[in-house]
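Structure first, then comments.
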Amino acid sequence: MSGGPVGRQARTLALHCLYVNDARGPCDINLMDWLCTETAVAGSVRRNAESMVSDILSDVDRLDEIIGQYAPALPVKFLAIVDRNILRVAIYELTSRENVPRRVIVNEATELASLFGSESSARFVNGVLGSVLNNLFEVGEADPSRVD
215 MSGGPVGRQA RTLALHCLYV NDARGPCDIN LMDWLCTETA VAGSVRRNAE
265 SMVSDILSDV DRLDEIIGQY APALPVKFLA IVDRNILRVA IYELTSRENV
315 PRRVIVNEAT ELASLFGSES SARFVNGVLG SVLNNLFEVG EADPSRVD
């Protein structure tokens with residue numbers, strides 16, 4: 215996935231599914247069908263979003279642990295649902311998707327926070343992701359050559 219329109223649409227679709235998962239319970243195929251119809255997404259976008267949601271949900275404990283480490287003021291479960299899931303998507307991509315430039319991931323997460331979060335969400339998300347990036351190399355979770 216890239217930072218282009220397909221990547222952005224897949225991130226947005228994944229965010230919507232993860233939000234519903236947190237707010238109401240597991241996201242099912244009917245929700246994905248409805249979201250894809252409402253936003254007229256291509257099959258490749260849907261496949262990318264489904265893959266991302268599945269990967270994130272199977273790794274949510276690790277992702278939440280990272281969020282808690284870099285946003286310690288509140289337990290992860292008390293963060294705004296939108297902020298929490300934007301961070302999950304971004305940290306998942308930072309640690310698992312080597313073909314996407316880090317700068318794109320952080321910029322798009324900040325944009326999603328501006329669109330869907332509260333007035334302070336973009337600043338919060340950007341700050342947490344900046345801290346994650348600054349410390350990734352120290353813990354050996356990422357290849358420094360990926361930095362733009």
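In short: position in the sequence shown from 1, add 214, done, that's the numbering used here.
Even glycine gets a Cβ: it sits at the ideal position worked out from N, Cα and C.
- When the alpha-carbon of G221 is set against those of A327, E333, I270 and V318, the nearest one is in V318.
- By the neighbour-count definition (other C-beta atoms within 10 Å, threshold 16), E322 is a buried residue.
- Using a Cβ-Cβ distance cut-off of 8 Å, the segment 258 to 268 and the segment 224 to 243 are in contact, since at least three pairs of beta carbons, one from each stretch, lie closer than that value.
- The alpha carbon of A237 has as its nearest neighbour, out of T324, L293, P289 and D273, the alpha carbon of L293.
- If you draw a straight line from the Cα of A263 to the Cα of A228, it is about 5 Å long.
- Membership of L308 in the alpha helix (DSSP H) is indicated by the continuous run I295 to S310.
- Nearest to L347 by alpha-carbon distance, out of D278, L308, L329 and E312, is L308.
- Cα atoms of D269 and D297: separation of roughly 18 Å, rounded to the nearest angstrom.
- Going by beta carbons, V339 and L288 fall outside the 8 Å limit.
- Of all alpha-carbon atoms in P286, I280 and I295, the one lying nearest the alpha-carbon of C231 is that of I295.
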